[in-house]
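A.B. asks: Chains as they are written, first to last, in our numbering: chain A, 1 to 133; chain B, 1001 to 1133; chain C, 2001 to 2133. Beta carbons are placed, not taken as given, at the ideal position from N, Cα and C, and that holds for glycine. Remember, it's a predicted structure, so these values are computed and weren't measured experimentally. Handing you a structure now.
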Amino acid sequence: MQSIRVRTARRTQMVDVTQEVQRVVTALGIKVGTCFLYVPHTTAGVLINEHADPDVASDAEGALDRLVPSAGPFRHAEGNSDSHVKTMLVGTSQFVFVEDGKLALGRWQGIFFTEFDGPRERHLYVKVLPDRV
Amino acid sequence: MQSIRVRTARRTQMVDVTQEVQRVVTALGIKVGTCFLYVPHTTAGVLINEHADPDVASDAEGALDRLVPSAGPFRHAEGNSDSHVKTMLVGTSQFVFVEDGKLALGRWQGIFFTEFDGPRERHLYVKVLPDRV
Amino acid sequence: MQSIRVRTARRTQMVDVTQEVQRVVTALGIKVGTCFLYVPHTTAGVLINEHADPDVASDAEGALDRLVPSAGPFRHAEGNSDSHVKTMLVGTSQFVFVEDGKLALGRWQGIFFTEFDGPRERHLYVKVLPDRV
Chain A
1 MQSIRVRTAR
11 RTQMVDVTQE
21 VQRVVTALGI
31 KVGTCFLYVP
41 HTTAGVLINE
51 HADPDVASDA
61 EGALDRLVPS
71 AGPFRHAEGN
81 SDSHVKTMLV
91 GTSQFVFVED
101 GKLALGRWQG
111 IFFTEFDGPR
121 ERHLYVKVLP
131 DRV
Chain B
1001 MQSIRVRTAR
1011 RTQMVDVTQE
1021 VQRVVTALGI
1031 KVGTCFLYVP
1041 HTTAGVLINE
1051 HADPDVASDA
1061 EGALDRLVPS
1071 AGPFRHAEGN
1081 SDSHVKTMLV
1091 GTSQFVFVED
1101 GKLALGRWQG
1111 IFFTEFDGPR
1121 ERHLYVKVLP
1131 DRV
Chain C
2001 MQSIRVRTAR
2011 RTQMVDVTQE
2021 VQRVVTALGI
2031 KVGTCFLYVP
2041 HTTAGVLINE
2051 HADPDVASDA
2061 EGALDRLVPS
2071 AGPFRHAEGN
2081 SDSHVKTMLV
2091 GTSQFVFVED
2101 GKLALGRWQG
2111 IFFTEFDGPR
2121 ERHLYVKVLP
2131 DRV
């Protein structure tokens, strides 16, 4: 299990970490397998979506914020219940297949660390398992 | 890694692919393991839910469209930012256990390819890994 | 594959099952691997989020109910289409890494069985796979 450090800059922010994850796959030298991603936080998740046009990520940040308004009504005293709920919707884990040593992402897909209570210093766990021969 | 071709007919559509996935499991001859499903698109996902009553799928299509209105406000020029956001909520991957050569789905569960920007020709990746003996 | 029995008490309820899942990992004696969780139901899911402050779970229960109102409009005759849609949003599976025989959860993370059409008697499937040496 490896850990990638992610520094976020805004309260809600999708950070493209595709290259960092590919670097872990490459360093491990695994040619055919599955890459498992896990976020050990309760107000940040991970998702896979378009990274060609950065407008998609910024549109999604706005849409998720509108979907779960921070106003509540909420009881949790830290004032970030909306961040927890957005994390539940996006999810804290993803997997991607590995073929020929590369993440088998679709043509337009990238991996995004999704911050919902930033700015913060965060971690993304990565495990790559080779398929059995 | 296998790939199943899915042809969708509407903008938002849940397509039952349970039998196609079971066919891959059967063809591989794996008796006990895990079946991993992955969608390499950015406006389509995969989910597991009831396929006994088709009203559940049509109710869900409507509910997801109401949840993320296509009107925005959005900046992404292709006019399908809502499709990207729905994909993020549903997710682009799922797994199901395999027991006795069959997908260990619950009694009412089926696997749905979820189109959010159709009609299109799509792909669903399937990998089945046997448990270690 | 193991199965944990979960008894739920309310229509929408997040039930902390972290200890039950850890017990399965411990009983299997797997030190380094991955724990896969799967819910074989169509109106209940599983998610990972904060279990330190119980207000987070109750805030999330309210937020998810507001997000997908039970009023519809829906056609499914059982009157629980909202429960199906909430299940699709949260998801029916999760995985967590295992290190030193323990679930590698983040400091504040716990595993929640998420009931959306209770009270009911439910099941959570658990499979723990060791990493290859």
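Assuming contact is defined by CB atoms lying nearer than 7 angstroms, are T1012 of chain B and D1065 of chain B in contact in what I supplied?
C.D. replies: In this structure, T1012 of chain B sits near D1065 of chain B, with a CB-CB distance shorter than 7 angstroms.
A.B. asks: Taking buried to mean at least 16 other C-beta atoms within 10 Å of its own C-beta, is G91 of chain A buried or exposed?
C.D. replies: buried
A.B. asks: Applying the criterion that 16 or more other CB atoms from any shown protein chain within 10 Å of the CB defines a buried residue, is E1121 of chain B buried or exposed?
C.D. replies: exposed
A.B. asks: Give me the chain A residues within the contact set of G2072 of chain C, using Cβ-Cβ distance strictly less than 7 angstroms, ordered along the chain.
C.D. replies: By Cβ distance, chain A contributes nothing, its closest Cβ being about 18 angstroms from G2072 of chain C, past 7 angstroms.
A.B. asks: Is any beta-carbon of chain A found at less than 7 angstroms from that of Q2019 of chain C?
C.D. replies: No, Q2019 of chain C lies away from the interface with chain A (no Cβ there is under 7 angstroms from its Cβ).
A.B. asks: Name the chain A residues that come within less than 8 angstroms of A2060 of chain C, Cβ to Cβ?
C.D. replies: S81, H84, V85 and M88
A.B. asks: When the cut-off is 7 angstroms and only beta carbons count, does H1051 of chain B lie next to chain A?
C.D. replies: No, because no Cβ of chain A sits closer than 7 angstroms to the Cβ of H1051 of chain B.
A.B. asks: With burial defined as no fewer than 16 other Cβ atoms inside 10 Å of the residue's Cβ, what is the status of T2034 of chain C: buried or exposed?
C.D. replies: buried
A.B. asks: Please tell me whether F2097 of chain C has its Cβ less than 7 angstroms away from any Cβ of chain A.
C.D. replies: yes
A.B. asks: Looking at the structure shown, is P1054 of chain B part of a helix, part of a strand, or coil, going by DSSP?
C.D. replies: helix
A.B. asks: Bridge partners for A44 of chain A per DSSP, in chain order?
C.D. replies: A:E115
A.B. asks: Using CA atoms only, rank isn't needed, just tell me which of A:Q2, A:H41 and A:S58 is closest to A1077 of chain B.
C.D. replies: A:S58
A.B. asks: Taking 7 angstroms as the CB-CB limit, is S3 of chain A close to chain C?
C.D. replies: No, no contact with chain C.
A.B. asks: Just to confirm my understanding: we take T1042 of chain B, look at its own chain, exclude 5 residues before and 5 after, and list those with CB closer than 7 angstroms. What are they?
C.D. replies: H1084 and T1087
A.B. asks: From A:R5, A:F97, A:M14 and A:G29, pick the residue whose C-alpha is nearest to that of E20 of chain A; which is it?
C.D. replies: A:R5
A.B. asks: Can you pull the chain B residues whose beta carbon is under 8 angstroms from the beta carbon of V56 of chain A, in chain order?
C.D. replies: T1042, H1076, S1081 and H1084
A.B. asks: How would you call T1026 of chain B, buried or exposed, if buried means at least 16 neighbouring beta carbons within 10 angstroms?
C.D. replies: exposed
A.B. asks: Quick one: what does DSSP say S2003 of chain C is sitting in, helix, strand or coil?
C.D. replies: strand
A.B. asks: Of all the residues that make up the region 1008-1034 of chain B, which are near chain C by a beta-carbon distance shorter than 7 angstroms?
C.D. replies: Of all residues in the region 1008-1034 of chain B, T1034 have a Cβ within less than 7 angstroms of some Cβ in chain C.
A.B. asks: With 7 angstroms set as the bound, which would you pick, yes or no: does the beta-carbon of G2106 of chain C sit closer than that to a beta-carbon of chain A?
C.D. replies: yes
A.B. asks: What residues in its chain sit with their C-beta under 8 angstroms from that of W108 of chain A, if we drop five residues either side in the sequence?
C.D. replies: The answer, listed in chain order, is E50, H51 and A52.
A.B. asks: Output needed for H123 of chain A: all residues of its chain with C-beta closer than 8 angstroms, excluding positions within five of it in sequence on either side, in chain order.
C.D. replies: S3, I4, R5, V6, V39, P40 and H41
A.B. asks: Just the chain A side, please: which residues come within less than 9 angstroms of G2118 of chain C by C-beta, in chain order?
C.D. replies: At a C-beta separation below 9 angstroms, G2118 of chain C has no neighbours in chain A, since its nearest C-beta there lies roughly 18 angstroms away.
A.B. asks: Pull up the distance between the alpha-carbon of Q1022 of chain B and that of F116 of chain A, whole angstroms please.
C.D. replies: 37 angstroms
A.B. asks: If you draw a straight line from the alpha carbon of E1099 of chain B to that of K1031 of chain B, how long is it in whole angstroms?
C.D. replies: Whole-angstrom Cα-Cα distance: 6 angstroms.
A.B. asks: Starting from the Cα of V1126 of chain B, find the closest Cα among B:R1010, B:L1028, B:F1036 and B:T1008 and give me that residue.
C.D. replies: For V1126 of chain B, the closest of B:R1010, B:L1028, B:F1036 and B:T1008 by C-alpha to C-alpha distance is B:F1036.
A.B. asks: In the DSSP assignment, the alpha helix (DSSP H) including T87 of chain A goes from what residue to what residue?
C.D. replies: S81 to V90
A.B. asks: Along the chain, where does the alpha helix (DSSP H) that runs through L1028 of chain B open and close?
C.D. replies: T1018 to L1028
A.B. asks: At the level of alpha carbons, what is the spacing between G2029 of chain C and P1130 of chain B?
C.D. replies: 20 angstroms
A.B. asks: Is the distance from the Cβ of A104 of chain A to the Cβ of F95 of chain A below 7 angstroms?
C.D. replies: no
A.B. asks: So which residues on chain A does L2103 of chain C lean against when the C-beta distance must stay under 7 angstroms?
C.D. replies: For a Cβ distance threshold of 7 angstroms, nothing in chain A lies close to L2103 of chain C: the least Cβ distance comes to about 11 angstroms.
A.B. asks: Grab the span of the beta strand (DSSP E) containing H76 of chain A for me, first residue to last.
C.D. replies: H76 of chain A -> no beta strand (DSSP E), and no H or E assigned at all.
A.B. asks: Leaving aside the five residues before and after S93 of chain A along the sequence, list all residues of the same chain whose C-beta is less than 8 angstroms from its C-beta, in chain order.
C.D. replies: F36, L37, Y38, V39 and V46
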